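What follows is a short report on a single structure.
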Amino acid sequence: MSDLDAFRADVRAWLEANCPPEMREPVRDEDDICWGGRKFKFKNEAQKLWLDRCVAKGYTVPDWPKAYGGAGLSPEETKILKQEMARINARPPLQSFGIWMLGPALLKFGTEEQKVHYLNQIARGEIRWCQGYSEPGSGSDLVSLQTFGEDKGDHWVVNGSKIWTSYADKADWIFCLVRTDKTNKYQGITFMLFDMESPGVTTKPILLISGNSPFCETFFDDVKVPKTQFVGEINRGWDVAKYLLGHEREMISGGGAGGDMVSIGALFAQSLGKNDHGELDDPILRAEMAAFDVDVFAYRAMGERFMDMWKTGRAHPASSNMMKYVGTELNKRRHELVMSGGGSDALEWDSEESKGGARARTWLRTKANSIEGGTSEVMLNVIAKRILDLPGA
Numbered sequence: 001m002s003d004l005d006a007f008r009a010d011v012r013a014w015l016e017a018n019c020p021p022e023m024r025e026p027v028r029d030e031d032d033i034c035w036g037g038r039k040f041k042f043k044n045e046a047q048k049l050w051l052d053r054c055v056a057k058g059y060t061v062p063d064w065p066k067a068y069g070g071a072g073l074s075p076e077e078t079k080i081l082k083q084e085m086a087r088i089n090a091r092p093p094l095q096s097f098g099i100w101m102l103g104p105a106l107l108k109f110g111t112e113e114q115k116v117h118y119l120n121q122i123a124r125g126e127i128r129w130c131q132g133y134s135e136p137g138s139g140s141d142l143v144s145l146q147t148f149g150e151d152k153g154d155h156w157v158v159n160g161s162k163i164w165t166s167y168a169d170k171a172d173w174i175f176c177l178v179r180t181d182k183t184n185k186y187q188g189i190t191f192m193l194f195d196m197e198s199p200g201v202t203t204k205p206i207l208l209i210s211g212n213s214p215f216c217e218t219f220f221d222d223v224k225v226p227k228t229q230f231v232g233e234i235n236r237g238w239d240v241a242k243y244l245l246g247h248e249r250e251m252i253s254g255g256g257a258g259g260d261m262v263s264i265g266a267l268f269a270q271s272l273g274k275n276d277h278g279e280l281d282d283p284i285l286r287a288e289m290a291a292f293d294v295d296v297f298a299y300r301a302m303g304e305r306f307m308d309m310w311k312t313g314r315a316h317p318a319s320s321n322m323m324k325y326v327g328t329e330l331n332k333r334r335h336e337l338v339m340s341g342g343g344s345d346a347l348e349w350d351s352e353e354s355k356g357g358a359r360a361r362t363w364l365r366t367k368a369n370s371i372e373g374g375t376s377e378v379m380l381n382v383i384a385k386r387i388l389d390l391p392g393a
């Protein structure tokens, strides 16, 4: 037996012994997701137990070094762990912008003191982060941001606002782009970290067409940020921001793979009925879903290759743009098919039977996938210029 085979056997045995049955059920609503942080309330004891056991094992961030709360697994071992968790439909023990975005940036640009301090808190689910990037008028042209930090010697005084700040009203801390030099567009931005309970920080939820409010407006009025709370170099925060954006786009692109949904056609064959050949009893919808399933399988294979190349430093720097574009467009297409398969019933908005209009609300929410983290148009421009080497307009 190879070392990896032995590792797989150990992981499988550990998961069988430690993953509660409740944590192997599909996620039904937002409360089933463990976000961690000071304000988080566990839905049940199983959710807390699963987090505690994974934290002790380093499995919330398995590929991070042990000194920072991880398990120190190799890329091959990390892939095996994910495969074995998927095999038993185990829920992620912790979801976090700290894990997906800030953590990788700290691992690359943070000081040793910052890594030990922040990464361990993130790994344990003790701190929930939000992202302060976009501003009114500074979305795709992010470097035009106007939030300003005035140098006061041992601290900055930050004034301005951010928009589309996901879960800002639930977050403990924010990683935030702040202009600290008005004379240099690119080399005048600092990547700051500060507590959302700092005096002068306020949030206002933004109601979406789905009827939910995951996004917020965030306002800074004379917020004091100590000079110790920045990542990278002062006025070189754009370097950190670009690196983090790659991980954000990778995270957003994950919706294209469809999670544990094996086949959208097989799913709807159960609810819409089958013909004499055991196929979905609607030839047009069946053909559309079959074509979609093929594209998803191809995307998953591309994702596997991308992750392998990314972790070994061989991926093209713009590969995350390609993954983000394809993944978000696939996810939108998936939910269009879900609505088509559901017919008029899928449009129902309020009943308990429809779980409060879950299908319709999720479908509407996916419209933002091709905007957040960089619009599809911007992604295509980057792909054209940096991957295909096409001339600019």
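In the UniProt record's numbering, the protein residues as written are 1 to 393.
We treat Cβ as the ideally placed atom computed from N, Cα and C, and that holds for glycine.
Note that this is a predicted model, so its numbers are computed, not measured.
Residue i, buried or exposed, once every other Cβ within 10 Å from all chains shown has been counted against 16
i           : result
residue 96  : buried
residue 291 : exposed
residue 317 : exposed
residue 326 : buried
residue 349 : exposed
residue 283 : exposed
residue 250 : buried
residue 70  : buried
residue 413 : Nothing about residue 413 can be reported from this structure: the residues present for the chain run from 1 to 393 only.
residue 324 : buried
residue 78  : buried
Top-ranked residue by Cα proximity to residue i, from the options
i           : options            : result
residue 202 : 36, 216, 191, 211  : 216
residue 224 : 195, 237, 205      : 195
residue 108 : 212, 359, 243, 249 : 243
residue 399 : 87, 64, 151        : Missing from the structure shown is residue 399; the chain here goes from 1 to 393 and no further.
residue 166 : 184, 128, 193      : 128
residue 306 : 336, 358, 246      : 246
residue 118 : 383, 172, 356      : 172
residue 60  : 35, 150, 42, 6     : 35
residue 25  : 47, 110, 254       : 47
residue 235 : 200, 186, 365      : 186
residue 88  : 293, 13, 32, 239   : 13
residue 213 : 4, 3, 30, 9        : 30
Beta-carbon contacts of residue i that lie in its chain and below 7 Å, excluding the five residues immediately before and after
i           : result
residue 11  : 80, 81, 84
residue 50  : 19, 20, 23, 93
residue 124 : 55, 69
residue 357 : 348, 349, 350
residue 382 : 318, 321
residue 362 : 335
Spatial neighbours of residue i in its chain, beta-carbon cut-off 6 Å, leaving aside the 5 residues before and after
i           : result
residue 162 : 132, 135, 218
residue 168 : 130, 203, 216, 218
residue 403 : This structure cannot speak to residue 403, because the chain is shown only from 1 to 393.
residue 101 : 244, 247, 248
Cβ shell of residue i (< 8 Å), same chain only, five flanking positions each side left out
i           : result
residue 147 : 132, 135, 158, 159, 160, 161, 162, 176, 177, 178, 179, 220
residue 241 : 133, 142, 177, 189, 191
Inter-residue CB distance, residue i and residue j (contact presumed, cutoff 8 Å)
i           : j           : result
residue 222 : residue 75  : The Cβ separation is near 45 Å, so there is no contact.
residue 15  : residue 86  : Between residue 86 and residue 15 the Cβ distance is about 11 Å, and since that is not below 8 Å, they are no contact.
residue 207 : residue 365 : Going by Cβ atoms, the distance from residue 207 to residue 365 rounds to 12 Å, so no, they are not a contact pair.
residue 252 : residue 183 : At roughly 33 Å, the Cβ-Cβ gap does not stay under 8 Å, so residue 252 and residue 183 are not in contact.
Pairing CB atoms from the segment 217-233 with CB atoms from the segment 144-160, are three or more of them under 8 Å? yes
Tell me whether the segment 292-299 and the segment 360-374 touch, counting them as touching only if at least three CB pairs, one residue from each stretch, are closer than 8 Å. no
Between the segment 321-335 and the segment 168-180, are three or more C-beta pairs nearer than 8 Å? no
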